[in-house]
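Protein chains in written order, with our numbering: chain A, 1 to 497; chain B, 498 to 578; chain C, 579 to 717; chain D, 718 to 1277.
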């Protein structure tokens, strides 16, 4: 019985967990509920991924209603890896949260914090699981609202401002999205992805459809912080509680990228020309801008959290670049980087979170020589940094390898060179961190830093180890990513697999 | 007897050791005349070649090293030590 | 305002019908305009009115914060549990056909219970918002 | 069983050992693990069957993580011995980080020796750089460690760039002989030469190694440069350009070693010089010469570890490493003194030491090839080497001068390590066949023949007489001599200083122009530049505006 309901369980489990955590109103109980719920979710997501890899797409009708009327959940090779990723990062972030919240969150709000984490997970998983454009909007809002709360729970007063800004920007994005969905419904008469794709050829006047595309793509671009719509992200990541940053940085933008890929490949067609340029070209231009401008901005940051946040904007550029390359290697690279970047950035934010908790600062100039007093956290940060650069032996290398391969296969050598060139910028901003934390004489804060508990470092180390592991043995993620790419590029162009 | 100055100001113990070394070298060169040589470049097969060549090159390198040291000496410490 | 006799007396007269009306809207939602959302707002209005007249503390005695904060998730929980109940009867999530002896009654029961959940959450959220605003001190 | 063994790189025990060391507290278990790891690696070096392991598929590349032949075994044996002796020597040092880093470093060097393709080689190559940087860092000199790291990053980039180019050639990633001609092979060669300490970057050796701890330098002296020699033997045998480079290194190092005051710095220069010998032999490229280079690398690891141990022991016992401040230690530290003499004599190729065997092999190979210039120069350098290693170093450290009143006692483990290494040096010296078994092609050279021994004795005694005469000139002095590191340590600062001064002058000239420009159009652009960089501080309205603009643009473009 359970196996058949997995597509909806993967969303329900964190949702129920969140409700129970809220009902318990007890910090310790809420943590254990959150832990159990997130692990169960991960199990469900893993089982789903197994089913999809073995037997192809799974369809689930909510309430038994026909997709034309009701909501269909659809798990396929594209969404399965995303579900797995989000669920896994959820577990890691919640394990990490146990110790970090004691420092970063007011005690009365800890249970709420876990609730919001779980609800956010439910929203993100729902976005990936649902095959209904409007249902996705609902989940988008669920995840966004809980995200605003998560950010606002940060102790730094600037967190409120960041959350407020994100609230406004996120609402604009969601509004654009829902307007786009409305236009889509207007032209096709359905909200179901599969049916939309079926009815697209019958549409004679594509005007409304083009408007829908503009609204939906720009709306999602706001959510995924595509350059130049990224400005909400650095503050939101910098001032949110550490575990929230780790969760958001490794999942929220990734799900938005997934959604973008869904719409661009399955519904609108990425190679289609809009006026004089194709969608892919426009996306590529913005991605390249993101890679260079955001990396450049990262170089000049003093707060490591902000630095990493800017690096996220740049790395999202790599992902969207992979989508824009739009051949199998490129899209494989994009999906690989979705997963790999989630792992490395999760590890990086957790490591800096541990340092922030212990040393009381995430400012670069105050953390000189922290590697001496906190070698484990600094080591994890180093591994993540090397992966951000794309050093061979880390997962970052593998995804960049596929991106470069995709660029070369597309006959765009200059693009391959640009990808490598932007890595040089990553060398600079990661190099700054490494130089300060390892090679400087310890600063006062560094010397006073105290040991952090293992439960804080364990998820960090697991993520760092996975970053290395997937750099050495990339078989599993590459399999997931390449089947996602094959499914997106699909047998029948423009139709959902 | 005037005391020698400068580098030749050799104290008695060192003089004794040096004398022994010179004698040893002479014996070695002497023996060298009775050993079959496999020189590859002609001159290196001649008896006593190693003795004079070794002495000459040692003197040469000391001169080279000291000359370079006086030429390339850096005043003060290094910038970033 | 606690001393204003007219308001206090009128309020006493209005409160009960207000709550009754909320229940009417709730239960009549199947046949006419209404449902859990509207009913929740109306019921919340009763508490809010009481709070406006008798003060926040009095309202908090009727609906304490602890209850409120449990009611918000509880409503959603009712909604979701009804959906899960469908799963145990061999249907998909949110499938109500088997909740009663036939599909039509099953759907009716399902929607009724779901609306109850909506009522609880909307009611408690509204009251919660009122508390949050009314409880703010001037900085 | 054999299949499973064939896929086991001798690098694994060391790398696993490095991680295991991190897991255990300082204590007997950790000590045992650290000692066991190199011994297990040594066993694997000989247990792994010769030949190449089954290829591994990775990202569509065919990788051979393990490939064994006599050359790999020779270097593997040397690396394992150096690691084992180094761990034994450092048993007393309280630094888990250094121990783990050293094992990682040794494991990476081992991985290089047994790598069956270029990609695997590169991965271990970089791992070696990381491990060695950590060893330097464990000594506490973070600035030197940073310079060391940057130098190796630079070498790594050159290597990687070359690798990328040659991988596209028909041979792919296979280990094969390159001719320095195409850009790819030049880059590859340059990358390797950076690690070998070739000019113009040779100063990194003497910059970094003496700043490691008393135990760290022992590890450092063994691996990086010798691994580079190994890779050169594999990839660039007979590369003519190596001969002049090697000769230069030998002479350069001799000059600096003769005037150096810091013992470990002197030994570091000496590493460069001895690697120069090996490079010359690799450049000659005959089968015999290559084997001689390998054998010399093996022996060099033995005696240079020994010398570094003796230096480390002196540093530990007296807290002093400058020759000018030392003296008369022979009576106080007899074991260390013996180790220093054996090591120094081995370095100077005194007969009946290991150094004599391998250096004779190299000279014989040069003679066979009729490389006259190289032969005469290196013979001269040999005589000079005896000056500093066989005479100057022991004389000023052990004999001459005032002995300190007391020295800190040395633990047994350090003495034991030195004795073991000294025994190896003497054993090979008395029985050259031991070395010939490791490097079969040098078996043909009859090392302990009368004319050879006589030749070398004359050379040494003659040099000794020179030393006796010029003793005063060679007395250690505290001084700093300019070296290649001026290029990256002083030049940039000088240039920058010049530029800053120049800018100030220019400013005075252009100031009026600039003010006018700034008040005009200049005002707008910086605002936007700052906004892009400081995106986090955009106003919410600006973000909304950007989004709306993008949407409008999309709609407009679509409508056209």
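Backbone N, C-alpha and C fix where the C-beta goes; we use that ideal spot for every residue, glycine too.
Item checked: Under 8 angstroms between C-beta atoms of residue 111 of chain A and residue 30 of chain A -> yes
Notebook entry, point to check: Are the segment 917-934 of chain D and the segment 973-991 of chain D touching by the rule of at least three beta carbon pairs closer than 8 angstroms?
Noted result: yes
Check: Fully enclosed by the segment 217-260 of chain A, which alpha helix (DSSP H) runs are 4 residues long or longer?
Finding: 233-239
Checklist line | Local Cβ density within 10 Å of residue 305 of chain A, reported as buried at 16 or more and exposed below that | finding: buried
Check: Mind checking if residue 439 of chain A is an interface residue toward chain D, Cβ cutoff 8 angstroms exclusive?
Finding: yes
Check: Would residue 254 of chain A be called buried (16 or more neighbouring beta carbons within 10 Å of its own) or exposed?
Finding: buried
Check: Quick one, are the C-beta atoms of residue 287 of chain A and residue 311 of chain A less than 8 angstroms apart?
Finding: no
Next item on the list: Could you pull out every unbroken alpha helix (DSSP H) segment of at least 4 residues lying fully inside the segment 760-833 of chain D, listed in chain order?
Entry: 787-806 and 813-830
Item checked: Helix, strand or coil at residue 263 of chain A according to DSSP, with G and I counted as helix -> helix
Check: Whose C-beta lies closer than 6 angstroms to the C-beta of residue 1256 of chain D among residues of the same chain, with five residues either side of it excluded?
Finding: none
Notebook entry, point to check: Anyone know if the C-beta pair for residue 617 of chain C and residue 594 of chain C falls short of 8 angstroms?
Noted result: no
Next item on the list: List the residues of chain A whose Cβ lies closer than 9 angstroms to the Cβ of residue 651 of chain C, in chain order.
Entry: 18, 19, 20, 21, 22, 23 and 115
Checklist line | C-beta neighbour in chain C for residue 109 of chain A, strict 8 angstroms | finding: no
Checklist line | Beta carbon of residue 337 of chain A nearer than 8 angstroms to that of residue 360 of chain A | finding: no
Checklist line | Beta carbon proximity, residue 1172 of chain D to chain B, threshold 8 angstroms | finding: yes
Next item on the list: Take residue 1239 of chain D and list the residues in its own chain whose beta-carbon comes closer than 6 angstroms to its own, dropping the five residues that flank it on each side.
Entry: Bear in mind that a pLDDT of 47 at residue 1239 of chain D, under 50, signals an unreliable position, so the model cannot answer this.
Check: Can you find a CB in chain D that lies within less than 8 angstroms of the CB of residue 527 of chain B?
Finding: no
Next item on the list: Output the distance between the C-alpha atoms of residue 702 of chain C and residue 119 of chain A, rounded to the nearest integer angstrom.
Entry: 18 angstroms
Next item on the list: Select from the segment 1197-1219 of chain D all residues with a C-beta closer than 7 angstroms to any C-beta belonging to chain B, and list them in chain order.
Entry: 1197, 1198, 1199, 1206, 1207 and 1210
Next item on the list: Grab me the residues of residue 675 of chain C's own chain with a C-beta within less than 7 angstroms of its C-beta, minus the 5 sequence neighbours each way, in chain order.
Entry: 669, 681, 684 and 685
Next item on the list: Could you name the residues that DSSP lists as bridge partners for residue 60 of chain A?
Entry: A:73
Check: Taking Cβ positions only, does residue 26 of chain A come closer than 8 angstroms to chain C?
Finding: no
Notebook entry, point to check: Counting only runs that start and end within the segment 66-112 of chain A, where is the beta strand (DSSP E) found for 3 or more residues in a row?
Noted result: 72-75
Check: Smallest Cα separation from residue 393 of chain A: which of D:842, D:808, D:795 and D:741?
Finding: D:842
Check: So, helix, strand or coil for residue 675 of chain C, using DSSP?
Finding: coil
Check: Quick one, which of A:432, A:106 and A:140 has its alpha-carbon nearest residue 26 of chain A's?
Finding: A:106
Item checked: chain D residues whose Cβ lies nearer than 9 angstroms to that of residue 55 of chain A -> Near residue 55 of chain A there are no residues of chain D at all, since even the closest Cβ is about 26 angstroms away, more than 9 angstroms.
Checklist line | Environment of residue 1034 of chain D [buried if 16+ CB atoms lie within 10 Å] | finding: buried
Item checked: Cβ-based burial, residue 651 of chain C [other Cβ within 10 Å; buried from 16] -> buried
Check: Counting along the chain, where does the alpha helix (DSSP H) carrying residue 318 of chain A start and finish?
Finding: 304-325
Item checked: For residue 332 of chain A: DSSP bridge partner residues -> Its beta-bridge partners do not exist; DSSP assigns none.
Check: What do you reckon, are the CB atoms on residue 460 of chain A and residue 387 of chain A nearer than 8 angstroms?
Finding: no
Next item on the list: Count the other CB atoms, across all protein chains shown, that sit within 10 Å of the CB of residue 417 of chain A; report buried if there are 16 or more and exposed otherwise.
Entry: exposed
Next item on the list: Confirm, please, whether the CB-CB distance from residue 1073 of chain D to residue 993 of chain D is below 8 angstroms.
Entry: no
Check: Can a CB atom of chain B be found closer than 8 angstroms to the CB of residue 972 of chain D?
Finding: yes
Checklist line | chain D contacts from the segment 328-347 of chain A (Cβ-Cβ distance under 8 angstroms) | finding: none
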